[in-house]
Structures are given as C-alpha cells and as structure tokens.
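Okay, structure first, notes after.
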Amino acid sequence: MDYRSELEISFREALNNNCLNVLYQPQVDMRTEEPKGAEALVRWKKEDGTVLSPAYFVPALEKMGLTTLLDEAVIGIVCRDICEAKQNGFPFSPVSVNLSRLHAVRRNAAKSFREIAERCGVERPELSFEITETAAQTEDGTEEVSETNEEDKKMMLLAGALKGEGYRIAMDDYGMGSSTLKLLQEVPFDILKLDRYFVRRIGDPRTDIILASTIGMAGALGMEVIAEGVETEKQIRFLLDHRCRYGQGYYYSGPLPKEEYIRWRLEYEKDV
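Under the numbering used here, residue 288 is the last one in the sequence shown; the count climbs by one each step, no gaps.
In structure tokens form, the structure reads like this:
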C-alpha cells in the first residue's frame, strides 16, 4: 500500500474516531487587549499519541481532495464548542475557520456550512471563514497567469455564496500569492489578515512601507485588518501607529484547547 492510500485510510479512521482536535488562538484588540475572537486550528492526534500540525497532513489531503471533509469536521467541532460554551454562560465566539479552495467546486458548500451551524444553534456573527490568498496552480505546480483563471472565478463564487448566507469572510495569508490585488478587487472580503512573514520583518524599511500601504488600502476598502504572528511590543507599536487594530500571535497567546481558551477569556473579564 502506498503512502497516499495509507494516509487516506488513517484520515478517515481519524474522522470516525474523533481524533481531530481543535485549538483556539485568540485574536485581540491591541489597543485595549480586549478579546476579539479566535481562529480555529486543527491538530490530528494519532493512535500512538503523536500530535500532527496541519503542515504535516493538509497539503497531502489537499492533493487527494480530502480537505473538504477535514473542513466540515472542523466546522462541526467549532460549532459544538460554541454551543456548549453558550449553554454554560461562557464567552467564546466569534471563531474563524479556515477553508480549502476545494469547496469552490462543491455545489451548495456555503449552504452546507450554514446547516451545520444551525443544527448547533450557532448564529452568523459567531462564525466566520478564512480563505487563503494563494495563487491558483496547475497540476505540475506552476502558477496560471490568465487574466482571471478558473480557480479565482470559483473562489469568487464561494466567497459570494458565504456572504449571501450572512457570514463574514477573511483573506488569509495576505501577500503570499500572486493574485492578491485581483482578488481584492473581485471578492468582497470583510477582513484582511497580514501574513506573519511580513509582521516578523517589521523594522525593515521596505517591509514597513509595504505594510503601511497595505493597511491604508484595506481601511479605504472598508476592511478590518488582523496581523498574524505578533510577538513583540515593537510590532504592536508599529501596527497601532498605522491603524492596524487587531493582532494574533504568541505575544498574547498560542493556540489553546477549548477549556484553556475559555479560562483565558474569563481572565480578561475578571480583570476589566
């Protein structure tokens, strides 16, 4: 049996045996350190206790067309966690969930997400979706350069469907693909997430110009900006000085299990 076949069997077993864990990394208003919400991050706990981060399995699942199953499983876990927290009177939402572009070829994907949320009693403002800003690629890994390639068209339809269902959408990993400005022009994103690649380089003159211009452009388009990978006070000062209000990173907290995330939220409320 080859690696891909073994991975698919293991992954489907993980789905059936509830071996996928979701962690929550807080997003914070950097002016006040008030919680804004969290991003859901999946981990795969193997039978031997090994915990795999997405970097070790998502790319392979993407190639096999299985990330749609992964995303739906994560949405289900997140919605159940939101529901349970609400029933117990704990602060939890909103939570953002990452989506694979493979959903763009599925009919009624956005409707399916809404139905999962509704079964758990999760309202639209409690859940949002992040779509990674990466270049569309052909089978051999090269980038397509047509004016509007088919992958972009499909993603525009997916984003429009999500908006039509009443959900907010974010462009994730901004700046790491080749179709950035085209997608911003075509897709009505609510949120732009600055990739940690740029945030960790704050202080470099060229990076500072790029970030300042990007934040200003996003503001002019009516988008919120969230900086990923925030780790230092220097980064926070720069971001706030340039009107980037929200941050996510280890300066505030790493990804947390559900119970620890609730405690983190409660600690803030206790101190207010």
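Ideal Cβ placement from N, Cα and C applies to all residues, glycine included.
Because the structure is a prediction, the values reported are computed rather than measured.
Close-in-space but distant-in-sequence residues of the same chain around residue i (CB under 6 Å, 5 per side omitted)
i, result
"R281", "P51, P107"
"V136", "In the sequence as displayed, the identity of residue 136 is Cys instead of Val. Closer than 6 Å at Cβ, skipping near neighbours: C95, R96, C99."
"G3", "Nothing about residue 3 can be reported from this structure: the residues present for the chain run from 17 to 288 only."
"Y277", "Y40"
"A126", "A177, L178, E181"
Limits of the unbroken alpha helix (DSSP H) element including residue i
i, result
"K79", "74-79"
"Y284", "274-287"
"R216", "Note, R216: premise wrong, no alpha helix (DSSP H); not H, not E."
"D257", "249-257"
Cross-strand partners of residue i (DSSP beta bridge)
i, result
"I207", "A186, E240"
"Q43", "G53"
"G263", "V44, A243"
"L36", "W60"
"L68", "W60"
Cut-off 8 Å between Cβ atoms - residues of its own chain near residue i, not counting five sequence neighbours on either side
i, result
"D156", "Model confidence at D156 stands at a pLDDT of 40, short of 50, so the residue's coordinates are unreliable; what they give is reported in the following sentence. Around D156: no qualifying Cβ."
"S162", "Only weak support is given to the placement of S162: the predicted model assigns it a pLDDT of 44, under 50, and the value that follows is read from those uncertain coordinates. Here the set comprises nothing."
Min CB distance residue i to chain C below 8 Å
i, result
"T48", "In the structure shown, chain C cannot be found, because there is only a single protein chain."
Boundaries of the beta strand (DSSP E) in which residue i is found, first to last residue
i, result
"L82", "From DSSP, L82 is part of no beta strand (DSSP E); its letter is neither H nor E."
Other residues of its chain near residue i: CB distance less than 7 Å, five sequence neighbours each side excluded
i, result
"L82", "E24, F27"
"L77", "F27, T83, L86"
"A89", "L31, L36"
Rounded C-alpha distance that separates residue i from residue j
i, j, result
"R20", "I147", "25 Å"
"E240", "L210", "11 Å"
"S109", "G53", "6 Å"
"E142", "E55", "12 Å"
"G232", "D257", "11 Å"
"K79", "K286", "46 Å"
Those runs of the beta strand (DSSP E) which lie wholly inside the stretch 89-157 and span at least 3 residues: Positions of the beta strand (DSSP E) runs, each at least 3 residues long and wholly inside the stretch 89-157, are given as 111-115, 143-148 in order along the chain.
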